[in-house]
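Note sheet for the following structure.
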Amino acid sequence: MIQKKICMVGVFGTGKTSLVRQFVHSKFSEKYHSTVGVKIDRKPVQLGGTTVNLLLWDIEGRDGTQEIQTSYLRGASGIIYVADGTRVRTFDQVFELRAIADKALGIVPSVCAVNKVDLVDTWQVGDERLAELDPTLWHALTTSAKTGEGVEEAFQWLAGAVIGERPE
Amino acid sequence: MSDHLPSGMTESPHAFDTLRDLLVGPERRDLEDLRRQLEEAGLTTEQIAEHLPEAIALRAARDEKLARSLAPTIEGAIQESVRRRPEKIASAIYPIIGPAIRKSIADTMAGIVTAINQAIEHSLSPQGVRWRIEAWRTGLPYAQIVIRHALLYRVEQVLLVHAETGILLAHAAAPDLETTDADLVSSMMTAIRDFARDSFQSREQGGLRTFQVDEFTILVEQGPRAVLAAKVRGQPPDDLLERMQVTLETVHFEFGDPLKQFDGDAAPFAAALPLLEERLETVVATDRREGTRWGPRVAWGLAGLTVLLLAAWFAWSTWRWRTAVDVLAQEPGIVVLDTDRGLRHSRIAGLRDPAAADAGEVLAQAGIDTRRVEFDWEPFVSLDPRMVVARATARLGTPASITLALAGDTLVATGSAPASWVARAMAATIPGVTAIDARGVTPLFPDAIVRLRRQIEDRQIQFAMGSSALPPEADSPVSGIATAFARLEAEAAELGYRATLRIVGRTDSNGATETNQQLSRDRAEAVGRALTTRGVATEAMEAVGVASSRPIVGGDPAEAGRLNRSVSFEVGLAPTTMTRGGLE
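For the protein sequence lines, the chains are A and B, in the order given.
Counting in the numbering used here, the first sequence runs from 1 upward without gaps.
Counting in the numbering used here, the second sequence runs from 1001 upward without gaps.
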């Protein structure tokens, strides 16, 4: 069995923990809990004949991107960057976070999940903004931790990427 | 080239060649040869690369020169490497440097650390007995009681974690323990340590080594590529981290490549499981909460008992020694002046009469090992009565028929002994004896003397009534007596005796007493004179008259009267030396 360390990176309140919760336990709670430090969860993912055990490091989100604790990134095989689609600023910050992570870790398979897509009324990140993400560096998608939309795909894609398969 | 040639030579280049051949021809040919050789034998870089390994092996096998010439270069390279990339070297030697240092320290400590306390603690523990009673009383298994009281620590889980990713590589747990989230624990632990490291800005290789969760202690040993963590219930001992370090080093050594190439597949590390399982342990010991340990108590008790026994033995042997010395001091003829008792040898000094008992035998009877006693005696003469008697007995060659005793300074002898012994005894000088009383001794004379004495004492010389004149028929008996006495004197002298002759004159009972007294003495003196004329010395004789006071009894009155008108003889025998008392 292959085990891979995956980090959830994003600023404060983008829904990192909720995505993991949805992915691992198929649950969602409206209640907000801020994560202190890091929370770790495990999810086995089936990829063809192999099982990849994803160890999901849900890293505390902070206000500023400079405050991210890069030591948690050490040894990560892949990163899921999470932005809040209802706060365009958090999407901008994804790029800054990416730069910091690349410096600390090198380039690893990455997903950019623009979350809270269920909140259509306040949605701020249009397709033109999503197109800013270079497809050779990111796998971009919109997700909803509440409805589960895109969640499975985000993790499945990353699992395949970290073991060297790139499903089209 | 030709520009520089002298002008006269331009027309004929052949001439120049000829000249050159003449001048430097041989040298040119040599140069050509050399160039060819170089081109043939010279090796290109590729060729060297091809042959270098074999060449090195070949040369290294031949002698040490290669190693010597390479040494400075290699040393320089290592120095440079350490200067620029220290972590590379550190990582490379990590598996060997730890064991080497530890072994050296352990060797040094081994001589100092003793396991005596531990041994005593485990074997002589009254605690064990108490726990058995408790187990019997409560009906619980003994092992459970022991664990309840004595669980020191229990290593319940050992995790081998990839240092960089925090991914669990291998994991061992106590048999009865359910563990499902070891991989999460491993990641979480890594995260916690990352957090601690960031928060306290500690160095890369250090970090959080122990932390506590409820009754558990988590011990973490950090290596360059892997981390070993142990979940311990209770109080882990100091050396547990050290043992974990050994395990971690072994893992680094045996799984160096898999660690370096790790990409999420933990399968190669299943082989490390036995190493981890070695670290699972449950250690129980004597209950230490009370702070009392039986081992030292028992040791002290034993030491105290030993001291007591030694003291008792010492007191007893001192008492025995003193008693023996007292007995010796009371022995006649021995005066103890000084004793010196040592552990190995003892010494007794004093005065000892040569006739006294053997001091060694006296001590031996009192139970002393006399091989370790040295005697230092000054000889002396003891005046102790027992010693005087002993000395006299020895010196006189006293026969068993004689008993000697001391009264004041007079040696009193009783019993019977040959006359010669008596004579010798009377003549002897014995220290402590001023007089010898042998009156109680019956001297035994030789037959010859006895016969002569009887021969003399059986004779009587008869006198006419009222006359003191020696009758003519008395001539012959008087001569016989004189002869017998002379022989007796000679025999006695040989034994050291002097013979005396008492001449006793008598009368019958008729007539006045006074007249008869005179008559009886006259008769005795008449015989004395007759004997003197026959050679008997007057000083050997004594003439006495007893009249009718000691009559010779016999027959009718007429016959009795005749018998008593006579002179009879009594022979006396006394030792010649009379100064030391006398014999009657």
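All C-beta atoms, glycine included, are put in the ideal place defined by N, C-alpha and C.
Every value quoted in this text rests on a predicted model; they were computed, and no experiment measured them.
query: Report the option in F1200/B, I1192/B, G1342/B whose CA atom is closest to the CA atom of Q1212/B.; result: I1192/B
query: Any C-beta of chain A sitting closer than 8 Å to the C-beta of L1184/B?; result: yes
query: Buried or exposed, going by whether 16 or more other CB atoms sit within 10 Å of the CB of W1421/B?; result: buried
query: From the DSSP secondary-structure annotation, give me the bridge partner or partners of Y1094/B.; result: According to DSSP, Y1094/B bridges with nothing at all.
query: To the nearest whole angstrom, what separates the beta carbons of L105/A and L73/A, a pair I think is in contact under 8 Å?; result: 5 Å
query: Judging by CA-CA distance, which residue of G64/A, G164/A, I59/A is the nearest neighbour of T35/A?; result: I59/A
query: Whose C-beta lies closer than 8 Å to the C-beta of A76/A among residues of the same chain, with five residues either side of it excluded?; result: K5, I6, C7, W57, L105, V108
query: Can you check the stretch 1409–1462 of chain B for any beta strand (DSSP E) of at least 3 residues that lies completely inside it and give the ranges in chain order?; result: 1410–1418, 1435–1444, 1460–1462
query: Do you know whose CA, among P1379/B, A1417/B, T1073/B, lies nearest L1396/B's CA?; result: A1417/B
query: When you compare each of G1561/B, G1432/B, M1426/B, I1105/B to A1390/B by their alpha carbons, which one comes out closest?; result: G1432/B
query: One question on the structure: do T1393/B and T1410/B come within less than 8 Å of each other, judged by their Cβ atoms?; result: no
query: Hey, is V1213/B's beta-carbon within less than 8 Å of any beta-carbon in chain A?; result: no
query: Would you identify the three-state DSSP class for K1260/B, choosing helix, strand or coil?; result: helix
query: Using the DSSP secondary-structure output, state which residues sit across from K39/A in a beta bridge.; result: D58/A
query: Candidates R1279/B, A1490/B, L1034/B, T1515/B: which alpha carbon is nearest A1540/B's?; result: A1490/B
query: Who are the neighbours of Q69/A on chain B, taking C-beta pairs under 9 Å?; result: D1194, F1195, D1198
query: At 4 residues or longer, and completely inside the stretch 1491–1535 of chain B: list those alpha helix (DSSP H) runs for me, N to C.; result: 1513–1533
query: Under 8 Å between C-beta atoms, does Y81/A make it to chain B?; result: no
query: Does any CB atom of chain B fall closer than 8 Å to the CB of I6/A?; result: no
query: Express the C-alpha separation of R1197/B and T1217/B in angstroms, rounding to a whole number.; result: 19 Å
query: For a contact meaning CB atoms closer than 9 Å, what does S77/A contact in chain B?; result: T1165, D1263, G1264
query: Our contact map puts K116/A next to T86/A with C-beta atoms below 8 Å; I'd like the distance itself, whole angstroms only.; result: 5 Å
query: So Y72/A contacts chain B; which residues on that side make the cut at Cβ distance below 7 Å?; result: A1191, D1194
query: Spell out whether any CB of chain A is found under 8 Å from the CB atom of Q1187/B.; result: The sequence shown places Ser at residue 1187/B, rather than the Gln named in the question. Taking Cβ atoms only, chain A reaches closer than 8 Å to S1187/B, which makes this a yes.
query: Can you pull the chain B neighbours of R42/A, defined as C-beta to C-beta under 7 Å?; result: D1183, L1184
query: Note down the Cα distance separating Q1365/B from A1359/B, rounded to an integer number of angstroms.; result: 10 Å
query: My guess is that V1527/B and L1470/B are in contact by the Cβ rule of under 8 Å, so how many angstroms apart are they, rounded?; result: 7 Å
query: I2/A CB to nearest chain B CB: under 8 Å?; result: yes
query: State the DSSP-derived secondary structure class of L1383/B, mapped to helix, strand or coil.; result: coil
query: Return the CA-CA distance between I1120/B and L1308/B, expressed in angstroms with no decimal places.; result: For I1120/B, the predicted structure reports a pLDDT of 39, less than 50, and the residue's modelled location is therefore unreliable. The matter cannot be settled from this model.
query: Classify H25/A as buried or exposed, calling it buried when 16 or more other Cβ atoms lie within 10 Å of its own Cβ.; result: exposed
query: For R1506/B, which option in S1467/B, R1020/B, A1547/B has the closest C-alpha, if you only look at C-alpha atoms?; result: A1547/B
query: Less than 7 Å separating the Cβ of F1375/B from some heavy atom of the ligand SAM?; result: Summarising the ligand content, the structure contains no ligands, and the ligand SAM is consequently not present.
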